[in-house]
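Counting along the sequence shown from 1, when you hit position 52 you're at 66 in our numbering, and nothing is skipped either side. As structure tokens, the structure follows; a few thoughts come after it.
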Amino acid sequence: MTGGRMTEDTILVDKPGQKPVKTQEVKIKEHNERILRTSIGCFMGILAGVLSFVLIGDPSLPENSARGLIGLLLLLAAIVFQKQIFLLMKIDVTHLGGKDWFYQGFMALSMWFISWTILLTVQ
């Protein structure tokens, strides 16, 4: 190659002004990290759904109507604690933007809703 290499052979550039090209190893590493982040978001959502079912039961019953907010609080806790899990698993979160965090929250919300709904239907 006639151009220079940048950041420990992870990005190669042939000509000045050309868009950097990632190596196959970097692409695989980033892909695996995205899969791990998505799995954590899904797991946290399922955990929040199961906890909502265990702690609240059926929120449509009159005696439990005031406890329905606890399910939403469990969901919010699951979304917030994802960052702490990322840090414990040594996942770099400095490059994550608003869209990435919205995606993580949406995955947790989806799994929370699906798991709690299934548990309430099977009851």
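We treat Cβ as the ideally placed atom computed from N, Cα and C, and that holds for glycine. None of the values given here were measured: they were computed from a predicted structure.
| Whole-angstrom distance between TRP130 and GLN32, CA atom to CA atom | Each residue's alpha carbon lies about 49 Å from the other.
| query | Quick one: Cα of ASN46 to Cα of ILE93, how far? | reply | Annotation: ASN46 to ILE93 spans about 21 Å, alpha carbon to alpha carbon.
| field | Cut-off 7 Å between Cβ atoms - residues of its own chain near GLY55, not counting five sequence neighbours on either side | value | Cβ neighbours of GLY55 beyond the five flanking positions: GLN96, GLN118, MET121 and ALA122.
| Hey, quick one: how far does the alpha helix (DSSP H) through ILE105 stretch, first residue to last? | Premise fails: ILE105 is in no alpha helix (DSSP H) and is neither H nor E.
| Are the beta-carbon atoms of TRP126 and LEU89 separated by less than 8 Å? | Contact: yes.
| Distance between LEU50 and ILE70 (C-alpha atoms, nearest Å) | So the alpha carbons of these two residues sit roughly 30 Å apart.
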